[in-house]
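Enquirer: Position one of the sequence shown corresponds to residue 2 (the working numbering), numbered consecutively onward. All C-beta atoms in this analysis are idealised placements derived from N, C-alpha and C, irrespective of residue type, glycine included. Computed from a predicted structure; not experimentally measured.
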Amino acid sequence: MTYVNISQNEYGEKIKKSSLITLGVVLFLIIIKAFAYFATGSIIILSLLADSFFDLIITLTTFILVRISLKKNTNEYRFGYGKAEALSAFIEGIVILLISIFILYMAYQNFIDPEITIINSEIALIVIAISIFATLMLVRFQTRIMKDTASLSVESEKLHYLSDLLTNIAAFVGIMLVMFADFSRADPLIAALISIYMIYTTIAIFQKSIAVLIDREIDDDLKSEIFDIVKSHNKVLGFHDVRTRQSGSSKGKFFMQMHIEVSEHVSLEESHNIADQVEENILNKFPDAEIILHVDPSNVIEEKEFVDA
Numbered sequence: 002m003t004y005v006n007i008s009q010n011e012y013g014e015k016i017k018k019s020s021l022i023t024l025g026v027v028l029f030l031i032i033i034k035a036f037a038y039f040a041t042g043s044i045i046i047l048s049l050l051a052d053s054f055f056d057l058i059i060t061l062t063t064f065i066l067v068r069i070s071l072k073k074n075t076n077e078y079r080f081g082y083g084k085a086e087a088l089s090a091f092i093e094g095i096v097i098l099l100i101s102i103f104i105l106y107m108a109y110q111n112f113i114d115p116e117i118t119i120i121n122s123e124i125a126l127i128v129i130a131i132s133i134f135a136t137l138m139l140v141r142f143q144t145r146i147m148k149d150t151a152s153l154s155v156e157s158e159k160l161h162y163l164s165d166l167l168t169n170i171a172a173f174v175g176i177m178l179v180m181f182a183d184f185s186r187a188d189p190l191i192a193a194l195i196s197i198y199m200i201y202t203t204i205a206i207f208q209k210s211i212a213v214l215i216d217r218e219i220d221d222d223l224k225s226e227i228f229d230i231v232k233s234h235n236k237v238l239g240f241h242d243v244r245t246r247q248s249g250s251s252k253g254k255f256f257m258q259m260h261i262e263v264s265e266h267v268s269l270e271e272s273h274n275i276a277d278q279v280e281e282n283i284l285n286k287f288p289d290a291e292i293i294l295h296v297d298p299s300n301v302i303e304e305k306e307f308v309d310a
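#1: Output yes or no for whether 7 Å exceeds the beta carbon distance between F112 and R186.
#2: Roughly how many angstroms lie between the CA atoms of K254 and F36, to the nearest whole one?
#3: Check whether the region 92 to 99 touches the region 194 to 207, taking contact to mean three or more Cβ pairs, one atom from each stretch, closer than 8 Å.
#4: If the criterion is Cβ atoms closer than 7 Å, does the pair S89 and T62 meet it?
#5: A85: which of V267, Y12, S154 sits nearest, CA to CA?
#6: Quick check on L71: does DSSP put it in helix, strand or coil?
#7: Compare the beta carbon distance of A172 and I129 with 7 Å and say whether it is the shorter of the two.
#8: Taking only the alpha-carbon atoms, compute the straight-line gap between F181 and T41 and give it to the nearest angstrom.
#9: With a CB to CB cut of under 6 Å and the five nearest residues on each side skipped, what residues in its chain are close to G81?
#10: If you compare alpha carbons, which of H260, A290, L284 is closest to P298?
#11: Does the Cβ-Cβ distance between V279 and K236 come in under 7 Å?
#12: Around the Cβ of M107, are there at least 16 other Cβ atoms within 10 angstroms (buried) or fewer (exposed)?
#13: What are the boundary residues of the beta strand (DSSP E) that H295 is part of?
#14: Could you tell me whether the region 137 to 152 touches the region 220 to 233, using the rule of 3 or more Cβ pairs below 8 Å?
#15: Around the Cβ of P189, are there at least 16 other Cβ atoms within 10 angstroms (buried) or fewer (exposed)?
#16: What's the C-alpha gap between S210 and G25?
#17: Taking C-alpha atoms, which residue in H295, V296, S43 lies nearest to L126?
#18: Should N274 go down as buried or exposed, given a rule of 16 or more other Cβ atoms within 10 Å for buried?
Structure follows, in structure tokens:
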């Protein structure tokens with residue numbers, strides 16, 4: 002996991018910029034897809050249009066919840082609002098799942114009884130080609146924002162729009178099959194494949210968002226970085242009882258509790274200073290982290306070692 006050192010203000014501005022640009026692209030795609038559907042009657046275009054409507058809901062929900070996640074701690078919410086971003090990703094997963102089931106149902110109905118034929122296929126191809134280009138540019142932009150912020154919500158949005166890109170390409174192929182191979186069932190068949198792939202993408206979104214919501218431990222590679230920092234202090238003989246959880250606003254925002262072991266000959270004041278130094282060293286690398294350290298004298302620990310259990 003790559004940690005990005007970025008201030009909360011800068012983080013918020015980048016997420017806001019990402020949401021506004023995404024919103025503009027989605028509104029544009031809704032307009033041209035609605036025109037294409039009424040001009041062609043294609044179930045593929047209908048599935049893409051429905052997906053864009055849900056994209057609009059997702060983008061607005063993400064924007065609101067991410068802004069909430071950036072609020073400062075209050076007396077009622079001492080641990081902050083970081084999980085709001087994970088909640089937005091979870092909602093996004095639910096929305097994708099619902100739209101996928103709807104598309105799959107529509108595709109099934111039109112596969113067993115293909116009454117709808119595509120007219121003005123050239124319009125459908127042009128609109129899908131424009132959608133492919135616009136979505137590709139959006140995914141590239143979100144990739145850059147994700148690298149700058151390590152945001153879970155942007156990562157989820159990028160995953161969703163990457164699936165949109167693939168579904169648009171599949172839709173283009175489906176229209177081509179209807180036009181040039183006279184394969185009328187290609188339209189609902191491609192739509193069904195699109196919906197199945199969209200269902201598949203929700204798995205990763207659910208996994209990541211639920212991990213934050215139910216306080217899963219932070220990734221092992223991030224833990225290793227923290228452990229190396231703790232071990233680097235020459236008066237820390239070991240540590241144990243490590244507990245961590247992700248906050249959600251970014252991959253570098255986490256909470257950690259740890260017992261560190263020092264010599265039994267060290268005074269209480271010096272033990273306190275050692276704990277402060279270790280905490281400061283961690284915060285120098287991860288300034289958004291919140292650390293609680295407990296100091297144990299080494300003579301009460303049976304085995305002095307570096308363990309996270």
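Expert: The answer reads as follows:
#1: Yes; because the gap between Cβ atoms is below 7 Å, this pair is in contact.
#2: When rounded, the separation of the alpha-carbon atoms in K254 and F36 is 44 Å.
#3: yes
#4: yes
#5: S154
#6: coil
#7: yes
#8: 16 Å
#9: N74
#10: P298 has its Cα closest to that of H260, out of H260, A290, L284.
#11: V279 is not a Cβ neighbour of K236, given a cutoff of 7 Å.
#12: A buried status is given to M107, since no fewer than 16 other beta-carbon atoms sit within 10 Å of its beta-carbon.
#13: 291 to 298
#14: no
#15: Taking every protein chain shown into account, the CB of P189 has 16 or more other CB atoms within 10 angstroms, so this residue is buried.
#16: Inter-residue distance for S210 and G25 is about 25 Å (C-alpha atoms, whole angstroms).
#17: S43
#18: exposed
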